[in-house]
Amino acid sequence: MSIATGMLLTSALLCTAWSANAQTALSKSSKIKAAYIFNFTKYIEWPRAAFTHIETPITICVEHNPEFNDFIKALVKQRKVGKDQRSLIVRNINDANICHIAYVKSAEAHTETLLRNALVLSDMNNKHAFSAIIFFRQNDKLRFEINMVEVNRLNITISSELLKLARVK
Numbered sequence: 000m001s002i003a004t005g006m007l008l009t010s011a012l013l014c015t016a017w018s019a020n021a022q023t024a025l026s027k028s029s030k031i032k033a034a035y036i037f038n039f040t041k042y043i044e045w046p047r048a049a050f051t052h053i054e055t056p057i058t059i060c061v062e063h064n065p066e067f068n069d070f071i072k073a074l075v076k077q078r079k080v081g082k083d084q085r086s087l088i089v090r091n092i093n094d095a096n097i098c099h100i101a102y103v104k105s106a107e108a109h110t111e112t113l114l115r116n117a118l119v120l121s122d123m124n125n126k127h128a129f130s131a132i133i134f135f136r137q138n139d140k141l142r143f144e145i146n147m148v149e150v151n152r153l154n155i156t157i158s159s160e161l162l163k164l165a166r167v168k
């Protein structure tokens, strides 16, 4: 199965898999972003130095509403990704001391140290100085752009399969 098919299937499952309460609280676009964030972890490799030991989970930090946080937590619960089969945890960006991925919803400043070492995801209208992946809409579909300068600065490896789906800058 291709990465595009996998992402589509995950997105489709997301729209039906959670409780009615979570479904009404979140837009379809937010659910798809959560699916993208989860799927990105499958196709990105961080340098070993990004983790204190082999069992260290990948920390996803989100700056969003509580419904989004709960939704993405449920999505990644008990999942393992990558060669090292790392677990995933979700933290509110304001409560985190380390982030491997940080979804920054607003343009306001967060601790530069926290974001400088994270793969920062943002929306096109709220790009951050460290944004490596930027969500945008094209022909009424959610797409993403990858900033390779930022990816290379972080010494992160992104699968060619994921790069094929992105607009690469």
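Mapping of the sequence shown onto this note's numbering: position 142 corresponds to residue 141, and the numbering continues sequentially without gaps. Note that beta-carbon positions come from the ideal geometry of N, C-alpha and C, so glycine has one too.
Quick one: any contact between the segment 65 to 75 and the segment 111 to 120, if contact means 3 or more CB pairs under 8 Å? no
DSSP-derived helix/strand/coil call for residue 73: Here residue 73 is taken as the residue at index 74 of the sequence shown, counted from 1. In this structure, residue 73 counts as helix in the three-state DSSP scheme.
Using a 10 Å radius around the Cβ and a threshold of 16 neighbouring Cβ atoms, would you call residue 152 buried or exposed? Position 153 of the sequence shown, counting from 1, holds the residue named residue 152. Exposed, because fewer than 16 other Cβ atoms sit within 10 Å of the Cβ of residue 152.
Can you list, in chain order, the residues of its chain whose CB lies under 8 Å from that of residue 49, leaving out five sequence neighbours each side? Position 50 of the sequence shown, counted from the first residue, corresponds to residue 49. Cβ neighbours of residue 49 beyond the five flanking positions: 99 and 116.
Kindly indicate which three-state DSSP category residue 42 falls into: helix, strand or coil? Taking the first residue of the sequence shown as position 1, residue 42 is located at position 43. Looking at residue 42 - three-state DSSP - the assignment turns out to be coil, as it is neither helix nor strand.
Within a Cβ cutoff of 6 Å, which residues of the same chain sit near residue 132, ignoring the five residues on either side of it in sequence? Walking along the sequence shown from the start, residue 132 turns up at place 133. Counting only Cβ-Cβ distances below 6 Å, and skipping sequence neighbours, we find 120, 143 and 145.
Can you grab the Cα-Cα spacing for the pair residue 31 / residue 160, in whole Å? Here residue 31 refers to the residue found at position 32 of the sequence shown. Here residue 160 refers to the residue found at position 161 of the sequence shown. Here the alpha carbon of residue 31 sits roughly 19 Å from the alpha carbon of residue 160.
Assuming residue 43 contacts residue 89 under a Cβ cut-off of 8 Å, what Cβ separation, rounded to an integer in Å, is found between them? Taking the first residue of the sequence shown as 1, we reach residue 43 at position 44. Taking the first residue of the sequence shown as 1, we reach residue 89 at position 90. The pair is not a contact, with the Cβ atoms about 16 Å apart (cut-off 8 Å).
As assigned by DSSP and simplified to three states, the class of residue 116: Start at 1 with the first residue of the sequence shown, and residue 116 comes out as number 117. Looking at residue 116 - three-state DSSP - the assignment turns out to be coil, as it is neither helix nor strand.
Nearest-angstrom Cα separation, counted from residue 149 out to residue 166: Counting from one through the sequence shown, the residue named residue 166 turns up at place 167. Counting from one through the sequence shown, the residue named residue 149 turns up at place 150. About 14 Å.
Am I right that residue 101 and residue 67 are in contact with their C-beta atoms under 8 Å? What's the rounded C-beta distance? The residue labelled residue 101 in the question sits at position 102 within the sequence shown. The residue labelled residue 67 in the question sits at position 68 within the sequence shown. Contact doesn't hold; Cβ gap of about 14 Å is too wide.
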